[in-house]
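The structure appears right after this line, and notes come after that.
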Amino acid sequence: MKIQGKMFIWLSVFILAVAIVYGYWSKEPAGTTALFLAFGLAIMIGFYLAFTARRVDAGAQDNTEADVADEAGEVGFFSPHSWQPLALGLGGALAFLGIAVGWWIMYFSAPVLLVGLFGWVFEYYRGENRTQ
Numbered sequence: 003m004k005i006q007g008k009m010f011i012w013l014s015v016f017i018l019a020v021a022i023v024y025g026y027w028s029k030e031p032a033g034t035t036a037l038f039l040a041f042g043l044a045i046m047i048g049f050y051l052a053f054t055a056r057r058v059d060a061g062a063q064d065n066t067e068a069d070v071a072d073e074a075g076e077v078g079f080f081s082p083h084s085w086q087p088l089a090l091g092l093g094g095a096l097a098f099l100g101i102a103v104g105w106w107i108m109y110f111s112a113p114v115l116l117v118g119l120f121g122w123v124f125e126y127y128r129g130e131n132r133t134q
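Written as structure tokens, this is what we have:
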């Protein structure tokens, strides 16, 4: 993870330089703001990866002599199935439709969003997947 942290930190330095030059030359606020926000996102990810790299064991990507097979093995736990992203997607679509058509649609999208959100968060605390 050390190399990923360094990559994002160097990317954020580059984006900051581009944002400053772009803002100075163009005098255009929307693109300058977007570049500064991209800098913020890149520095947050880089800091997180660099901060986490000190607390975990070195991975194969940190070893210059490593083979591809050194990183083989279990990656993590991934849910086999879930209907909750569908509910969140429908609720989000209704919410954006509410912005475009009328704010009254938000009254219908909020319960769908809440059901999807709470269902996804507490998915493994109830039902058939309780013990996973």
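First residue of the sequence shown: 3, per my numbering; consecutive thereafter. Here a beta-carbon is modelled for each residue, glycine too, at the ideal position from N, C-alpha and C.
Neighbourhood of residue i by C-beta, 8 Å cutoff - its chain only, sequence neighbours within 5 removed
i	result
serine 84	Trp122, Glu125
arginine 132	Tyr126
leucine 99	Ile107, Ser111
glutamate 1	Residue 1 lies beyond the residue range present for the chain, which begins at 3 and ends at 134; the question has no answer from this structure.
Alpha carbon of residue i to alpha carbon of residue j, nearest angstrom
i	j	result
leucine 119	leucine 88	10 Å
alanine 71	alanine 36	40 Å
proline 113	arginine 128	20 Å
Cut-off 6 Å between Cβ atoms - residues of its own chain near residue i, not counting five sequence neighbours on either side
i	result
alanine 44	Phe10, Leu13, Ser14, Ile17
leucine 90	Gly118
alanine 52	Gly7
Other residues of its chain near residue i: CB distance less than 7 Å, five sequence neighbours each side excluded
i	result
glutamate 130	none
Distance cut-off 6 Å: residue i Cβ against heavy atoms of the ligand ATP
i	result
glycine 42	This structure lacks the ligand ATP; in fact it carries no ligand of any kind.
Reference residue i, options the options, closest by Cα
i	options	result
leucine 92	Trp27, Arg56, Leu115, Ala32	Leu115
glutamate 73	Arg56, Phe79, Ser28, Ala60	Ala60
Short Cβ contact (7 Å threshold) for residue i with residue j
i	j	result
threonine 34	tyrosine 24	yes
Reduced DSSP secondary structure (H/G/I, E/B, other) of residue i
i	result
glutamate 67	coil
tyrosine 50	helix
glutamine 109	The amino acid at residue 109 is misidentified as glutamine; the sequence shows tyrosine. Tyrosine 109: helix per DSSP, three-state reduction.
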